[in-house]
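Trainee: The structure follows.
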Amino acid sequence: MERILICETPKKIGDKVRLAGWVNAIRDHGKITFLDLRDRSGIVQCVGKDLEKVSSESVVEIIGSIAERPEKLINQNLKTGKVEVQIEELKIISKSAELPFDIGTEDLNLELPTLLDFRSLTLRHPKIKAIFKVQEVVIDSFRRALQAKDFFEFQAPSIISSAPEGGAEIFEVDYFGHKTYLAQSPQLYKSLLVSIFERVFSVNKVFRAEPSVTTRHLTEVVSLDAEFGFIEDYLEVKEMAEYTIKFVLDQVAEKCAKELEMWGATIPKVSKSIPIIKLREAQEIIYKRTGRDCRKEKDLAPEDEREICKWSLEEKGSDLVFVSHYPTKARPFYTYPDPEDPEFNQGFDLIGRGTEWMTGGRRIHDYQTLMEHVKEWGITPKNIELYLQAYKYGMPPLGGFAFGAERITMHILGLKNVREASLFPRDMERVDFRFSQTEEDSSK
């Protein structure tokens, strides 16, 4: 008999079927046992007499008949709530050890370290799985949004020969006796490829050696990057970024209603056109609203990001707001300076619900100007020769944007920590397990 999925059971009333999955919960009433069976498609109640003792999370196979439940026993919370499986045969395929905690509850009220230490178990919980259903839709809709605009997908290398974006936040790799690095972003490769494909995007792992354990930082993230050429100005980049993020949010709203409900989450309110203001304008607004003087700072502090989002929602009806024109020296060497005020550049951040969601802007396309910036930023041209080569032989005006899949997922669902939005998070304290645990185990 061929196995069917649990979601098919409501259409099989009166039929004998074969199911297989995990024991989600057990309710023993003496000779009669109620067992909730779970597979990738859902959960169904099974009932049987004198069953072999089985533990939660064991993998079992059940053969039985599908029956309608009495009306007063219908479970409205389950798609299969109108039926149950009357067990005729139960076979234990893989017995589970005693669980360290109950995962059959509506919520997993666990501390974050426990949630991550038992990842192979906690990921089975419907609410935790829901996080990654949302993330899957975020990544898929990012891809589809750009494919619809004739963008070409590529995969950038993770091992690079130099650290062109500067800073100490980069991992060194011993590569057959040569010093190489893990890529902080695919920026240089996606810009190079604009000279070939015009419009490109990638879904890539990137790495940041940030010695930080804040709720917003990971050392390995999924970066969603886009770059395109023949732009008129930075506002054209803003418009493409806006189109993309709106498409992503619309798709999450359409495809993840159940997952959003599980987390009590709502999609951010977005106006017809997301407002864009310059950094100094944003800082002036913050000063007038709060009296906090940040008007000479190079960036917005977290409290400033929260305040400008409040202003955006109150004044513009949007949870999201673009902030542009950061100090040129505070951004990477390739960011395009504003011709009218070169002290500031045509880069931007998208701020949403009080924190940064996305970064982007226009890039320098002129070879001589780019070389001047390379030297001014203290970068050795030889180290980025492949990248510069594309500009030497003709590069159109270009720009692009990027955002992290984990951080966007975190903000959509209102998670407290970005680690919750990573299947297997990496930070300075953990690679699968906490270093303190593995070091303790190895010393025994």
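In the numbering used here, the protein residues as written are 32 to 475. Cβ coordinates follow ideal geometry from the N, Cα and C atoms, glycine included. Keep in mind the model is a prediction, meaning the values are calculated, not measured.
Whose C-beta lies closer than 7 Å to the C-beta of R150 among residues of the same chain, with five residues either side of it excluded?
Mentor: Counted from its first residue, the sequence shown places residue 150 at position 119. Excluding positions up to five away in sequence, the list reads F455.
Trainee: Under the assumption that D350 contacts L344 (Cβ atoms under 8 Å), give the Cβ distance between them as a whole number of angstroms.
Mentor: The residue given as residue 350 occupies position 319 in the sequence shown. The residue given as residue 344 occupies position 313 in the sequence shown. Yes, D350 and L344 are in contact; Cβ-Cβ is about 6 Å, under 8 Å.
Trainee: Give me the residue from P358, I170, V168 and S302 with the minimum Cα distance to E346.
Mentor: Counting from one through the sequence shown, the residue named residue 346 turns up at place 315. Per the Cα distances, S302.
Trainee: Does the Cβ of H60 have 16 or more other Cβ atoms within 10 Å, making it buried, or fewer, making it exposed?
Mentor: Within the sequence shown, the letter at position 29 stands for residue 60. Label assigned to H60: exposed.
Trainee: With DSSP run on the structure shown, which of helix, strand or coil describes P412?
Mentor: The count along the sequence shown starts at 1 and reaches residue 412 at position 381. Helix at P412.
Trainee: Can you check whether the CB of S216 is closer than 8 Å to the CB of V4?
Mentor: The chain is shown from 32 up to 475; residue 4 falls before or after that span and cannot be answered.
Trainee: Any contact of the stretch 355-369 with the stretch 310-317, i.e. 3+ C-beta pairs under 8 Å?
Mentor: The stretch 355-369 vs the stretch 310-317: in contact.
Trainee: Does any heavy atom of the ligand HEM sit closer than 7 Å to the C-beta of G322?
Mentor: The model depicted lacks the ligand HEM and carries no ligand whatsoever.
Trainee: Hey, out of L68, W53 and E83, whose CA is closest to Q62's CA?
Mentor: Against the sequence shown, residue 62 aligns to sequence position 31. Gln is not the amino acid found at residue 62; the sequence shown has Lys there. The candidate whose alpha carbon is nearest that of K62 is E83.
Trainee: Whole angstroms is fine: what's the gap from Y418's alpha carbon to I395's?
Mentor: Along the sequence shown, read from residue 1 onward, the residue named residue 418 stands at position 387. Along the sequence shown, read from residue 1 onward, the residue named residue 395 stands at position 364. Those two C-alpha atoms are separated by around 13 Å.
Trainee: Excluding sequence positions up to five away, which residues of its chain have a Cβ less than 8 Å from the Cβ of P412?
Mentor: Counting from 1 along the sequence shown, the entry for residue 412 is found at position 381. Same-chain partners within the cutoff: M402, V405, K406 and L419.
Trainee: Between which residues of its own chain and I105 is the CB-CB distance below 7 Å, once the five residues before and five after are set aside?
Mentor: Translated into positions along the sequence shown, residue 105 becomes position 74. Closer than 7 Å at Cβ, skipping near neighbours: G112 and K113.
Trainee: Is G435 closer than 8 Å to G392 when the C-beta atoms are compared?
Mentor: Indexing the sequence shown from 1 puts residue 392 at position 361. Indexing the sequence shown from 1 puts residue 435 at position 404. In this structure, G435 does not lie closer than 8 Å to G392 by Cβ.
Trainee: Which residue marks the beginning of the alpha helix (DSSP H) containing E39, and which one marks its end?
Mentor: Locating residue 39 in the sequence shown gives position 8, where the first residue counts as 1. That residue, E39, is in no alpha helix (DSSP H); it is neither H nor E in DSSP.
Trainee: Whose C-beta lies closer than 7 Å to the C-beta of I317 among residues of the same chain, with five residues either side of it excluded?
Mentor: The sequence position of residue 317 within the sequence shown is 286, counting from 1. Once the five neighbours on either side are set aside, the close Cβ partners of I317 are R323, C325, D335, E338 and I339.
Trainee: To the nearest angstrom, how far is the alpha carbon of S193 from that of H209?
Mentor: In the sequence shown, residue 193 corresponds to position 162, counting from 1. In the sequence shown, residue 209 corresponds to position 178, counting from 1. If you take the alpha carbons of S193 and H209, they lie about 11 Å apart.
Trainee: Name the two residues that bound the continuous alpha helix (DSSP H) containing M402.
Mentor: In the sequence shown, the residue the question calls residue 402 occupies position 371. Unbroken alpha helix (DSSP H) run through M402: Y398 to E407.
Trainee: Helix, strand or coil for W294 per DSSP?
Mentor: Translated into positions along the sequence shown, residue 294 becomes position 263. Looking at W294 - three-state DSSP - the assignment turns out to be coil, as it is neither helix nor strand.
Trainee: For T275, which three-state DSSP category applies?
Mentor: As a first step, residue 275 must be located in the sequence shown, where it is residue number 244. In the structure shown, T275 sits in a helix (DSSP, three-state: H, G or I).
Trainee: How about A56 and D67: do their beta carbons lie closer than 8 Å?
Mentor: Walking along the sequence shown from the start, residue 56 turns up at place 25. Walking along the sequence shown from the start, residue 67 turns up at place 36. Contact flag set, yes.
Trainee: Can you tell me which of E315, R247, S86 and G79 puts its alpha carbon nearest to the alpha carbon of S125?
Mentor: Within the sequence shown, residue 125 is the residue found at index 94, counting from 1. Nearest C-alpha to S125: S86.
Trainee: Are there 16 or more other CB atoms within 10 angstroms of the CB of T297, so buried, or fewer, so exposed?
Mentor: Walking along the sequence shown from the start, residue 297 turns up at place 266. It counts as exposed.
Trainee: I'd like to confirm the pairing. Which residues does DSSP put opposite D205 in its beta bridges?
Mentor: Translated into the one-based positions of the sequence shown, residue 205 becomes position 174. In the DSSP output, where bridge partners are listed per residue, D205 has K210.
Trainee: Is the beta carbon of V268 less than 8 Å from the beta carbon of F464?
Mentor: Walking along the sequence shown from the start, residue 268 turns up at place 237. Walking along the sequence shown from the start, residue 464 turns up at place 433. Result no, Cβ atoms of V268 and F464 do not sit closer than 8 Å.
Trainee: Buried or exposed: which applies to I439, given that a residue is buried once 16 or more other Cβ atoms fall within 10 Å of its Cβ?
Mentor: Within the sequence shown, the letter at position 408 stands for residue 439. The residue is buried, with at least 16 neighbouring Cβ atoms inside 10 Å.
Trainee: Tell me, please, which residues DSSP counts as bridged to A257.
Mentor: For this step, residue 257 is matched to residue 226 along the sequence shown. Paired residue(s): F232 and F432.
Trainee: In the DSSP assignment, find the beta strand (DSSP E) that holds P101 and state where it starts and stops.
Mentor: Residue mapping note: residue 101 aligns to position 70 of the sequence shown, counting from 1. Element bounds for P101: n/a, residue is neither H nor E.
Trainee: Identify which residue in E251, S96, F232 and R58 has its Cα closest to the Cα of S172.
Mentor: Position 141 of the sequence shown, counting from 1, holds the residue named residue 172. Among E251, S96, F232 and R58, the Cα nearest to that of S172 belongs to F232.
Trainee: Can you tell me the Cβ-Cβ gap for V48 and I35, rounded? I've got them flagged as a contact below 8 Å.
Mentor: Here the question's residue 48 lines up with position 17 in the sequence shown. Here the question's residue 35 lines up with position 4 in the sequence shown. Yes, they are in contact, since the Cβ atoms of V48 and I35 sit about 5 Å apart, within 8 Å.
Trainee: Indicate whether V169 and K286 have their beta-carbon atoms separated by less than 8 Å.
Mentor: Locating residue 169 in the sequence shown gives position 138, where the first residue counts as 1. Locating residue 286 in the sequence shown gives position 255, where the first residue counts as 1. Not in contact: V169 and K286 (Cβ atoms no closer than 8 Å).
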